[in-house]
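Here is the structure we will look at.
Chains as they are written, first to last, in my numbering: chain E, 4 to 437; chain W, 4 to 426.
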């Protein structure tokens with residue numbers, strides 16, 4: 004059964020610039036409301052990293068109309084669930100609720116688009132909460148290695164920074180920094196409101212007009228970084244610390260999601276390190292036991308596990324491969340094996356069968372997540388944040404049109420040994436093998 | 004997904020002579036199918052001190068069969084975009100998978116093949132053992148995992164639940180290939196296998212496929228299920244800490260034995276637990292530890308469910324310098340929970356949340372299949388989901404106070420943490 008993501012999709016734009024995407028799905032009495040703001044760590048300036056993520060936390064602390072407790076109750080009392088996420092390109096808030104309560108979520112989102120308080124005491128409490136969030140991540144060597152590799156993968160583009168922000172910046176950021184960031188970026192013209200589920204589009208649009216139409220947009224003073232299309236150097240980052248397993252991470256440049264090369268890159272990822280799911284809510288995955296890297300590294304005992312990550316971003320980002328190396332293993336030997344696999348993929352064309360396999364896998368992953376109304380809401384805004392909704396609606400078609408020669412050219416263009424960052428974390432408690 | 008609640012009219016439940024059971028519920032708008040279930044054995048069948056034997060055996064199942072080597076097996080699964088996984092818990096081995104509707108018979112046939120005819124090759128034995136040992140090495144550096152293990156040791160004492168299903172480096176290293184083969188022959192079999200399936204397939208079609216696949220499985224040497232030994236809770240409070248080098252955060256677990264899952268007490272404690280550490284931004288303890296004191300990003304309470312003994316716990320990740328402060332704040336909240344009980348407003352909020360969440364839990368095939376498995380595991384009626392609102396509605400504040408006092412005995416609290424060494 005073909006999956007038509009444009010089915011029952013309605014798109015509007017209010018006079019103040021707010022884009023509205025509505026998708027009717029009447030399979031369950033549930034709606035999922037997502038509001039996406041075009042702000043993430045990509046737009047942060049040196050010394051102020053982590054602002055966007057911290058503002059996201061403050062959006063749960065209250066407005067003049069709603070206390071933080073009211074916000075909790077509004078969703079929880081009716082059995083809904085809500086959360087928010089900050090990435091390098093966007094910040095988003097969602098509520099999945101019984102559909103009878105859609106109005107309450109729209110009222111909340113309209114209100115906190117402009118009326119959040121940023122109470123100074125709450126700001127201070129949240130500072131320690133976010134530092135605690137960061138400390139929890141720092142407990143893992145993989146996080147520390149990844150943060151370092153990311154930093155070396157860009158010269159000055161903010162994609163080099165961890166979304167949580169650096170510890171130094173988190174200590175120095177003030178309430179005024181946060182409030183200014185909020186007032187600057189939280190504008191109707193910088194937002195997309197997406198609602199999927201059991202709705203009547205015309206009635207919902209009228210409601211949206213009533214609640215959001217009166218909010219004035221002022222121009223956003225946006226810091227726009229210069230894209231770094233190529234990674235013009237190779238780098239080796241070596242770390243050592245407590246632990247018993249070693250970690251190896253390699254980062255290559257990948258194109259922006261809107262770049263035609265991105266789809267050929269997706270086929271490369273599927274083949275090398277296994278396909279990634281586009282959805283956010285765990286509705287299905289593929290085990291990745293047949294990828295070339297798994298076969299070469301894990302099956303041959305060079306690593307205990309391996310996976311890859313291709314990120315869809317506004318600007319060129321990175322494709323990363325992570326391997327966990329056994330305590331008596333050798334990260335250098337694993338790197339040689341990866342190099343051999345990269346050499347193979349950059350020296351000859353794939354077969355049509357391999358491409359068809361990647362497409363079947365992508366179709367299955369789409370099918371798994373399309374049953375989930377929350378994912379449908381997510382997809383609308385997600386794709387619109389770095390390209391447009393057609394990007395996701397035509398994803399399978401565009402993958403199907405990728406040719407073996409495009410894959411080869413893309414691999415040769417990006418997967419270069421002289422344009423990558425290699426990170427190695429050596430566990431001090433382990434005995435490295437030869 | 005249709006709007007009707009799964010119940011005795013719409014759930015297909017059928018048993019086979021070989022001891023297997025199928026539950027199926029249709030969601031014909033979905034092109035995909037999700038299935039999950041459980042079978043014998045669990046890690047309680049690990050003999051003597053051979054901790055990790057059952058789990059290791061299960062890990063070997065997906066490494067190849069007598070007819071398909073590793074590559075062939077996984078190529079069959081992944082080339083159709085499907086997934087299939089197995090893992091061993093204390094009491095049973097669970098399996099789950101997903102595929103497009105047209106591939107269900109292919110995947111169930113493979114499931115039958117991997118559980119009936121695993122290859123147990125020397126090469127895969129060594130590789131899997133290395134993977135398990137690496138996993139254990141990583142876990143040994145994980146503050147959350149080590150706090151959890153310390154908690155289980157303290158709470159369960161000599162009961163088999165004190166040990167991690169995966170075993171320990173020393174016990175896994177000692178396991179031989181022949182022991183895995185013998186364990187497989189004696190413990191894996193159809194008797195007690197339960198499968199739940201939901202998605203774009205008619206239940207009658209699922210039944211036919213099940214009949215041709217898992218319904219035909221025979222193993223005359225399958226041992227009867229292991230009997231769980233009795234659990235004796237600690238007689239007094241226990242505090243333990245695992246020191247780990249180079250950690251910026253400490254993980255904390257404090258808890259007590261939980262009520263039996265199939266009991267009125269459990270339903271009452273479940274509502275009480277939401278108030279304590281789930282509702283909104285992690286309930287009362289979230290408000291005190293995260294929102295007011297800013298001590299933790301993660302703090303919440305959990306009521307364990309299972310056939311054997313389980314725990315009612317509070318977990319938190321905190322800066323090592325704030326560990327004792329967090330414990331003191333959490334204890335204060337427990338004292339309040341035991342002495343003041345809950346307000347009518349809190350109770351009403353959590354009840355409406357629990358009832359509102361029912362339709363949301365049916366949003367996905369996986370959500371429904373998981374509910375079907377619980378219905379079978381705990382012996383609930385197929386109309387359980389319809390009965391649940393009345394049960395929730397009947398719970399009173401007095402019952403929650405009474406259960407808080409009976410279960411949260413602060414004189415017998417188990418507290419475990421892992422992270423920077425304590426001063």
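Just so you know, even glycine gets a beta-carbon here, dropped at the ideal spot from N, CA and C.
Just reading off the alpha helix (DSSP H) that residue i is part of, what are its end residues?
i	result
residue 222/W	No alpha helix (DSSP H) contains residue 222/W, which DSSP labels as neither H nor E.
residue 407/E	407-417
residue 102/E	Unbroken run through residue 102/E: none, as it is neither H nor E.
residue 267/W	267-280
residue 10/E	No alpha helix (DSSP H) contains residue 10/E, which DSSP labels as neither H nor E.
residue 254/W	No alpha helix (DSSP H) holds residue 254/W; the beta strand (DSSP E) holding it covers 253-260.
residue 175/E	170-175
residue 121/E	Looking at the DSSP string, residue 121/E is not in any alpha helix (DSSP H), and its letter there is neither H nor E.
Need the endpoints of the beta strand (DSSP E) that residue i sits in, please.
i	result
residue 443/E	For chain E, the structure presents residues 4 to 437; residue 443/E sits outside this window and is missing.
residue 29/W	24-29
residue 249/E	249-257
residue 234/E	No beta strand (DSSP E) contains residue 234/E, which DSSP labels as neither H nor E.
residue 358/W	Element bounds for residue 358/W: not the beta strand (DSSP E) but the alpha helix (DSSP H), 347-364.
residue 315/W	314-321
residue 244/W	241-246
For a contact defined as C-beta to C-beta under 8 Å, what are the partners of residue i on chain W?
i	result
residue 344/E	Going along chain W, no residue has its Cβ under 8 Å from residue 344/E, so there is no contact; the nearest lies around 15 Å.
residue 363/E	82, 83 and 84
residue 1/E	The question about residue 1/E has no answer here: the residues shown for chain E are numbered 4 through 437.
residue 45/E	Ordered by position in chain W, no residue passes the 8 Å Cβ test against residue 45/E, which lies about 23 Å from the chain.
residue 101/E	359, 362 and 363
residue 41/E	Going along chain W, no residue has its Cβ under 8 Å from residue 41/E, so there is no contact; the nearest lies around 26 Å.
Name the chain W residues that come within less than 7 Å of residue i, Cβ to Cβ?
i	result
residue 360/E	82
residue 105/E	Here the premise fails: no neighbours, minimum Cβ distance about 13 Å.
residue 366/E	84
residue 33/E	362, 363 and 366
residue 337/E	Per Cβ cutoff of 7 Å: no residues; residue 337/E is ~13 Å from chain W at best.
Between the beta-carbon of residue i and the beta-carbon of residue j, is there less than 8 Å?
i	j	result
residue 392/E	residue 193/E	no
residue 153/W	residue 46/W	no
residue 367/W	residue 308/W	no
residue 26/W	residue 379/W	yes
residue 326/W	residue 420/W	yes
residue 216/W	residue 52/W	no
residue 92/E	residue 317/E	yes
residue 252/E	residue 426/E	yes
residue 327/E	residue 396/E	no
residue 37/E	residue 332/E	no
Which residues of chain E have a Cβ atom closer than 7 Å to the Cβ of residue i, listed in chain order?
i	result
residue 140/W	247, 248 and 330
residue 137/W	248, 307, 327, 329 and 330
residue 322/W	135 and 138
residue 143/W	247
residue 39/W	The contacting residues do not exist; residue 39/W stays about 13 Å from chain E at best.
For residue i, return the contacting residues in chain E, with the cut-off set at a CB-CB distance below 9 Å.
i	result
residue 250/W	138, 141, 142 and 245
residue 357/W	82
residue 293/W	128, 132 and 135
What residues of chain E sit near residue i, judged by a beta carbon separation below 8 Å?
i	result
residue 300/W	132, 133, 135, 136 and 139
residue 352/W	76, 79 and 80
For a contact defined as C-beta to C-beta under 9 Å, what are the partners of residue i on chain W?
i	result
residue 292/E	65, 73, 74, 76, 77, 78, 80 and 81
Identify the contact partners of residue i in chain A, using a Cβ-Cβ distance below 8 Å as the criterion.
i	result
residue 307/W	Among the chains of the structure shown, chain A does not appear; the protein chains present are E and W.
Runs of beta strand (DSSP E) lying entirely within the segment 180-210 of chain E, each at least 3 residues, in chain order:
Complete beta strand (DSSP E) runs here, min 3: 194-200.
Jot down the residue ranges of each uninterrupted beta strand (DSSP E) in the segment 128-216 of chain W, minimum 3 residues, whole runs only, in chain order.
Every beta strand (DSSP E) of 3 residues or more that sits fully in the segment 128-216 of chain W is shown, in chain order, as 197-202.
Taking the runs of the beta strand (DSSP E) that are 3 residues or longer, which of them lie wholly in the segment 62-122 of chain W?
Runs of the beta strand (DSSP E) inside the segment 62-122 of chain W: 86-91 and 96-103.
Going along the chain, which unbroken runs of the alpha helix (DSSP H) with 4 or more residues stay wholly within the segment 290-370 of chain E?
Segments of the alpha helix (DSSP H) lying fully in the segment 290-370 of chain E: 334-350.
Counting only runs that start and end within the segment 30-118 of chain E, where is the alpha helix (DSSP H) found for 4 or more residues in a row?
As for any alpha helix (DSSP H) of minimum length 4 sitting wholly inside the segment 30-118 of chain E, the runs are 54-61, 71-79 and 105-117, ordered along the chain.
I want to know whether the segment 189-203 of chain W touches the segment 10-30 of chain W - three or more CB-CB distances under 8 Å.
As far as the Cβ criterion goes, the segment 189-203 of chain W touches the segment 10-30 of chain W, which means the pair count is three or higher.
Sufficient close CB pairs (3 or more, under 8 Å) joining the segment 100-118 of chain W to the segment 80-88 of chain W:
Yes, they touch.
Three or more C-beta pairs below 8 Å linking the segment 119-134 of chain E and the segment 288-299 of chain W
Short answer: they touch.
Quick check: the segment 77-87 of chain E against the segment 200-208 of chain E, are at least 3 beta-carbon pairs closer than 8 Å?
With the cut-off at 8 Å, the segment 200-208 of chain E and the segment 77-87 of chain E do not touch.
For the segment 69-76 of chain W against the segment 264-280 of chain E, do three or more pairs of beta-carbon atoms, one drawn from each stretch, fall closer than 8 Å, so that the two count as touching?
When Cβ pairs closer than 8 Å are counted between the two stretches, the segment 69-76 of chain W is seen not to touch the segment 264-280 of chain E, the count staying below three.
Whether or not the segment 144-164 of chain E and the segment 256-275 of chain W are in contact is what I'm after, with contact meaning three or more pairs of Cβ atoms, one per stretch, closer than 8 Å; do they touch?
With the cut-off at 8 Å, the segment 256-275 of chain W and the segment 144-164 of chain E do not touch.
Specify whether the segment 180-188 of chain E and the segment 51-66 of chain E touch according to this definition: at least 3 beta carbon pairs, one from each stretch, less than 8 Å apart.
The segment 180-188 of chain E vs the segment 51-66 of chain E: in contact.
contact_flag[the segment 33-51 of chain E, the segment 232-244 of chain E] where n(CB pairs < 8 Å) is 3 or more:
Judged by Cβ distances under 8 Å, the segment 33-51 of chain E makes no contact with the segment 232-244 of chain E, as fewer than three pairs qualify.
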